[in-house]
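Taking our numbering, the leading residue of the sequence shown gets -10, the next gets one more, and so forth.
A virtual CB, placed ideally from N, CA and C, is assigned to each residue, including glycine.
These numbers come from a predicted model, not from an experiment.
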Amino acid sequence: MIMKLAVIGHPIKQSKSPFMHTIWLGELGISGSYEAKDILPEALAGEVKALVKGGYDGWNVTIPHKEAIIPLLDEVDEQAAVLGAVNTVIVKDGRLIGKNTDGTGFMKSLLLKRTAVDIAGSRVCIIGAGGAAKGIAGALVPYQPKSLSIANRTVSKGERLLNSLIINGEKSALTMDEAEAQLDEFDIVINTTSVGMVPDTDQTPINMTRVKKNSLAADIIYNPLQTAFLKQASEGGADTLNGVGMFVYQGATAFEEWTGEKPDAEKMIKRISESIGGT
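Below you can see the structure in the form of structure tokens.
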């Protein structure tokens, strides 16, 4: 059997998903292909039908389709349903099943930098309230951070995300300006927006110059490896975490869902970093 896999999003040319999954298919001796498909929001429903008709076994979902794809699926797992965001689709017996591997991927990466105890004592700020923010917030809450703030241009979207979660600690929805003003209060700041991604590498969602020393700034963007957001944070004395780990770990979980095989994620983190231009 030849597997047909893909990633859908807009824009998509910057994605390293085809590079990663094609290597894994080869390493594990699986016949198949993985391609990137640039799909405009208004074309999503028709293109999903075309993927099914074309015999695809599954696909990853990235910006801006993580929320919009849900009504087009036959089934959504519990976490993805609660969060309202899907990043992985599995085609099983003609049915489309949606899952969210963003959160678990991010937490695996975060735990390389901070222990569970560290996270439990931390004040966390997530920048953005879209599909990726939903996955990360949902995975973060069981670690019981001291407080969780969501900063977004539309505050009501941040409020909705916080209200969808059972949070024991303090919680607050902030404007971007408020997050910037309170920056020195946060122990972990996570950018889940696409601001700063190639080609707009000089942009940052908030100014990070007031970052708390020895705090952690994490960016889910992996190209470039060091975004303007991370550069400012590093210059302010913060530890930094780029998006390569999350990208690889969420991809590895999706790959296992499709194929039943476990790929080598650690080796891939190094390969992705090198392919982008890091070490």
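CB-CB length for residue 30 against residue 7, believed under 8 angstroms
About 21 angstroms; that fails the 8 angstroms criterion.
Quick check: residue 126 and residue 115, are their CB atoms within less than 7 angstroms of each other?
Contact flag set, yes.
What is the DSSP secondary structure of residue 57, counted as helix, strand or coil?
In this structure, residue 57 counts as coil in the three-state DSSP scheme.
Could you give the first and the last residue of the continuous beta strand (DSSP E) run that contains residue -8?
From DSSP, the beta strand (DSSP E) with residue -8 extends over -8 to -2.
Can you list, in chain order, the residues of its chain whose CB lies under 6 angstroms from that of residue 44, leaving out five sequence neighbours each side?
Correct list, in chain order: -7.
Does the distance from the C-beta atom of residue 209 to that of residue 185 stay below 7 angstroms?
Annotated as distal: residue 209 and residue 185, with beta-carbon spacing of 7 angstroms or more.
Please report how far the alpha carbon of residue 268 lies from the alpha carbon of residue 234, in whole angstroms.
Per-residue confidence for residue 268 stands at a pLDDT of 47, beneath the threshold of 50, marking its modelled position as unreliable; the derived number appears in the next sentence. Near 14 angstroms, if we compare the C-alpha coordinates of residue 234 and residue 268.
Simplified DSSP state of residue 137, which is helix, strand or coil
Strand at residue 137.
Residue -10 versus residue 17: straight-line alpha-carbon distance, rounded:
So the alpha carbons of these two residues sit roughly 14 angstroms apart.
Quick one: Cα of residue 22 to Cα of residue 212, how far?
Annotation: residue 22 to residue 212 spans about 23 angstroms, alpha carbon to alpha carbon.
Would you give the residue range spanned by the alpha helix (DSSP H) that residue 149 belongs to?
Annotation: the continuous alpha helix (DSSP H) that includes residue 149 extends over 144 to 152.
Got a sec? Which residues, its chain only, sit under 8 angstroms from residue 165 by beta carbon, not counting five neighbours each side?
For residue 165, where only same-chain residues beyond five positions count, the Cβ hits under 8 angstroms are 116, 140, 141, 142, 194, 195.
Going along the chain, which residues of its own chain have a beta-carbon closer than 6 angstroms to the beta-carbon of residue 121, five neighbours each way excluded?
Correct list, in chain order: 91, 181, 209.
In chain order, what are the residue ranges of uninterrupted beta strand (DSSP E) at least 3 long that sit wholly in the stretch 28 to 101?
DSSP runs (the beta strand (DSSP E)) wholly in the stretch 28 to 101: 47 to 50, 77 to 81, 84 to 88.
Check this for me: beta carbons of residue -4 and residue 47, under 7 angstroms apart or not?
No, Cβ-Cβ distance for residue -4 and residue 47 is not below 7 angstroms.
Which residues share a DSSP beta bridge with residue 159?
Answer by DSSP bridge pairing, in chain order: 136.
Please confirm if the stretch 237 to 248 is in contact with the stretch 92 to 103, defined as three or more CB-CB distances below 8 angstroms between the two stretches.
Using a Cβ-Cβ distance cut-off of 8 angstroms, the stretch 237 to 248 and the stretch 92 to 103 are in contact, since at least three pairs of beta carbons, one from each stretch, lie closer than that value.
For residue 84, does the count of other Cβ atoms within 10 angstroms reach 16, so buried, or fall short, so exposed?
Burial is judged here by how many other beta carbons sit within 10 angstroms of a residue's own beta carbon; residue 84 has fewer than 16 and is exposed.
Can you find at least 3 beta carbon pairs, one from the stretch 148 to 167 and one from the stretch 215 to 224, that sit closer than 8 angstroms?
Because the criterion of three Cβ pairs below 8 angstroms is not met, the stretch 148 to 167 and the stretch 215 to 224 do not touch.
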